[in-house]
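Residue numbers (our numbering), protein chains in the order written: chain A, 1 to 253; chain B, 254 to 571.
Notes to accompany the following structure.
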């Protein structure tokens, strides 16, 4: 599904991502762990187009993504969530959802001026779909509120729901469980498992190993810009390099 | 008294248009255009040059213009919009990348206005330097009686302002406007949601500049003179004050701001008892009062008199 080969990115003298090879299969839930500064978020930013990789290739179903701009990449079915939720505060929750659903045709101003009634109809139809998703995520009662009233965890949920509005085939999540209370973590786990049921492939950066244990089929360990190893959570725990690089001691997690 | 109200009304409509143009850029998209007066002047000059007959016809034989076509006002208006559209597209294309810092937009647009101003006053061959373009005919001037021309022009301005208001209302309430508001708050997030931030920013910038140029092209035939002194930096400040005090990010803001700042404070103070020292004082204090209000609003009510409201969409049952 998603194949990275020899991906490199450096900032001046600092090599943040140093020749990463990585393969995510269709329908998989893959975790990406590693200490702070390992290059995980840089890797994400390269894949989603925010940063231009220095070398290497990124292919989504055989299509090269390296060099494309972020909106082109997300239109090809690769969506992302941000470490710190990036919902638009001065906009209602429902409008935030629509922002994820509308394509170039929907957002054309000329089209709107010529046929505003048709545009409104499409908007209401998408809003209907959005309400369905918001209900699943337990946010429907907040649909018409400014997003600024949401709690941190609700922002995370909205970020996930918003990504679903794009109908992605693969979703890259940057620390979906960070700063979220334990009850909500359960909620997020359920939603992510639902996503897999819908056929969405997931690649997840996460420090919370207990969280990953519950959903990830495979975990890759990144340190100093390279992938150290990959395997199931159990296998990873046995791995000496990982223990040295990240876990510190076996009791963690 | 009536004539006074007519003049005030014209100025209000005029500033409503200018602030609406800036509203598309700053209010909706977060592009801090610090040179609105430059685009206003550009529209004014282009329409003036298209409308002015050659110097041997006007009688001002020492005047020099790069072009002087003597064409009717609608042609001048269209020419003003086309030229401004091209200039704004070039500036926007060079300036507005996804990660452009707001500060650069401010600096470059300010520089544009200053450069334009310098070009006009130093290059006399362009548009007659300091003396400007004189002797433009008022459109329909032979049909409308001279004494009532201002009233006629008030109607024109109010219709133009209403059209601009209608346009901004539509932009604001459209999916297009939603993307603009998203870009204003977080361009990278909007790009991640599949929208071409650069394209939206450039188009919003160009649309705003076109509205500013429209105001310029309306101004030219009314005053019949286009001269550099009319396009000082204080005009930029006034447009910003109208937008911020009225309320940015919604179409009503510029309307209310225009009525309050231009109608009530700038023009309304002319009705105060004007004798001796007081008369002089009100003139001097006018700008100070607007400046103070501007600062107070920025500090205590940055949302303005009419804050931006949430847009409610009635979802269809799935």
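Where a beta carbon is used, it is the ideal one built from N, C-alpha and C, also for glycine.
Give me the Cα-Cα distance between residue i and residue j, rounded to the nearest whole angstrom.
i                     : j                     : result
residue 554 (chain B) : residue 149 (chain A) : 20 Å
residue 152 (chain A) : residue 105 (chain A) : 32 Å
residue 390 (chain B) : residue 477 (chain B) : 6 Å
residue 338 (chain B) : residue 82 (chain A)  : 36 Å
residue 170 (chain A) : residue 220 (chain A) : 17 Å
residue 460 (chain B) : residue 206 (chain A) : 43 Å
residue 283 (chain B) : residue 267 (chain B) : 23 Å
residue 414 (chain B) : residue 287 (chain B) : 22 Å
residue 333 (chain B) : residue 493 (chain B) : 23 Å
residue 458 (chain B) : residue 342 (chain B) : 8 Å
residue 648 (chain B) : residue 199 (chain A) : The question about residue 648 (chain B) has no answer here: the residues shown for chain B are numbered 254 through 571.
residue 89 (chain A)  : residue 303 (chain B) : 46 Å
residue 259 (chain B) : residue 291 (chain B) : 26 Å
residue 102 (chain A) : residue 361 (chain B) : 32 Å
residue 487 (chain B) : residue 289 (chain B) : 11 Å
residue 336 (chain B) : residue 314 (chain B) : 27 Å
residue 253 (chain B) : residue 100 (chain A) : Outside the modelled stretch of chain B, which goes from 254 to 571, sits residue 253 (chain B), for which no answer is possible.
residue 211 (chain A) : residue 12 (chain A)  : 35 Å
residue 141 (chain A) : residue 568 (chain B) : 13 Å
residue 232 (chain A) : residue 438 (chain B) : 40 Å
residue 500 (chain B) : residue 561 (chain B) : 7 Å
residue 422 (chain B) : residue 556 (chain B) : 18 Å
residue 463 (chain B) : residue 73 (chain A)  : 32 Å
residue 139 (chain A) : residue 146 (chain A) : 12 Å
residue 253 (chain A) : residue 239 (chain A) : Any answer about residue 253 (chain A) is weak, because its pLDDT of 39 lies below 50 and its placement is not dependable; what the coordinates show is given next. Taking the straight line from one Cα to the other gives about 14 Å.
residue 113 (chain A) : residue 133 (chain A) : 29 Å
residue 162 (chain A) : residue 236 (chain A) : 32 Å
residue 565 (chain B) : residue 95 (chain A)  : 8 Å
residue 397 (chain B) : residue 404 (chain B) : 10 Å
residue 272 (chain B) : residue 538 (chain B) : 23 Å
residue 374 (chain B) : residue 481 (chain B) : 7 Å
residue 536 (chain B) : residue 497 (chain B) : 23 Å
residue 1 (chain A)   : residue 25 (chain A)  : 5 Å
Hey, quick one: how far does the alpha helix (DSSP H) through residue i stretch, first residue to last?
i                     : result
residue 490 (chain B) : 486-499
residue 256 (chain B) : 255-275
residue 143 (chain A) : Premise fails: residue 143 (chain A) is in no alpha helix (DSSP H) and is neither H nor E.
residue 296 (chain B) : 289-304
residue 461 (chain B) : 450-476
residue 560 (chain B) : Per DSSP, residue 560 (chain B) belongs to no alpha helix (DSSP H) and is neither H nor E.
residue 437 (chain B) : 428-438
residue 96 (chain A)  : 93-101
residue 350 (chain B) : Element bounds for residue 350 (chain B): n/a, residue is neither H nor E.
residue 152 (chain A) : 152-165
residue 108 (chain A) : First-last for residue 108 (chain A): undefined, no H or E at that position.
residue 409 (chain B) : 402-425
residue 355 (chain B) : 355-375
residue 73 (chain A)  : 70-75
List the residues that DSSP assigns as beta-bridge partners of residue i.
i                     : result
residue 226 (chain A) : A:223
residue 174 (chain A) : A:205
residue 7 (chain A)   : A:20
residue 197 (chain A) : In DSSP, residue 197 (chain A) forms no bridge with anything.
residue 80 (chain A)  : A:172
residue 63 (chain A)  : A:60
residue 231 (chain A) : A:219
residue 386 (chain B) : B:479
residue 14 (chain A)  : A:11
residue 318 (chain B) : B:380
Can you tell me whether residue i sits near the ligand PLP, meaning its C-beta is under 7 Å from at least one heavy atom of the ligand?
i                     : result
residue 490 (chain B) : As far as ligands go, the structure on display features none, and thus does not contain the ligand PLP.
Residue range of the beta strand (DSSP E) that residue i falls in?
i                     : result
residue 132 (chain A) : Premise fails: residue 132 (chain A) lies in the alpha helix (DSSP H), 116-136, not in any beta strand (DSSP E).
residue 58 (chain A)  : 55-60
residue 393 (chain B) : Where residue 393 (chain B) is concerned, there is no enclosing beta strand (DSSP E), given that its DSSP letter is neither H nor E.
Give the residues from the stretch 127-160 of chain A that approach chain B closer than 8 Å (Cβ to any Cβ), ordered along the chain.
Close to chain B, meaning a Cβ-Cβ distance shorter than 8 Å, are the following residues of the stretch 127-160 of chain A: 127, 128, 129, 130, 131, 132, 143, 144, 145, 146.
When Cβ atoms are compared, which residues of the stretch 480-507 of chain B fall closer than 7 Å to chain A?
Considering only beta carbons, no part of the stretch 480-507 of chain B lies closer than 7 Å to chain A.
What residues in the stretch 410-440 of chain B have a beta carbon less than 7 Å from any beta carbon of chain A?
So the close ones are 423, 424, 427, 428, 429, 431, 432, 434, 435, 438, 439.
Interfacial residues, the stretch 183-194 of chain A to chain B, with Cβ spacing under 7 Å
Those would be none; no residue qualifies.
What are the start and end residues of each continuous alpha helix (DSSP H) run of 4 or more residues lying completely inside the stretch 23-55 of chain A, in chain order?
Every alpha helix (DSSP H) of 4 residues or more that sits fully in the stretch 23-55 of chain A is shown, in chain order, as 40-48.
By the 7 Å beta-carbon criterion, what residues does the stretch 534-568 of chain B contribute toward chain A?
Under the 7 Å Cβ criterion, the stretch 534-568 of chain B contributes 561, 563, 564, 565, 566, 567, 568.
For the stretch 11-38 of chain A, enumerate the residues whose C-beta is nearer than 7 Å to any C-beta of chain B, in chain order.
Within the stretch 11-38 of chain A, contact with chain B at the beta-carbon level (separation under 7 Å) is assigned to no residue.
Give me the subset of the stretch 457-480 of chain B whose CB atoms are less than 7 Å from a CB atom of chain A, sorted by chain position.
Identification of residues in the stretch 457-480 of chain B having a C-beta nearer than 7 Å to some C-beta of chain A yields an empty set.
If the cut-off is 7 Å on Cβ atoms, which residues from the stretch 85-99 of chain A count as contacting chain B, listed in chain order?
The residues in question are 86, 88, 89, 90, 91, 92, 94, 95, 98, 99.
Residues within the stretch 108-119 of chain A neighbouring chain B, beta-carbon criterion of under 8 Å
Within the stretch 108-119 of chain A, those residues whose Cβ lies closer than 8 Å to any Cβ of chain B are, in chain order, 108, 109, 112, 113, 116, 119.
Mind checking the stretch 309-320 of chain B against chain A and listing, in chain order, the residues whose C-beta falls within less than 7 Å of any C-beta there?
Listed by position, the residues of the stretch 309-320 of chain B near chain A (Cβ gap below 7 Å) amount to none.
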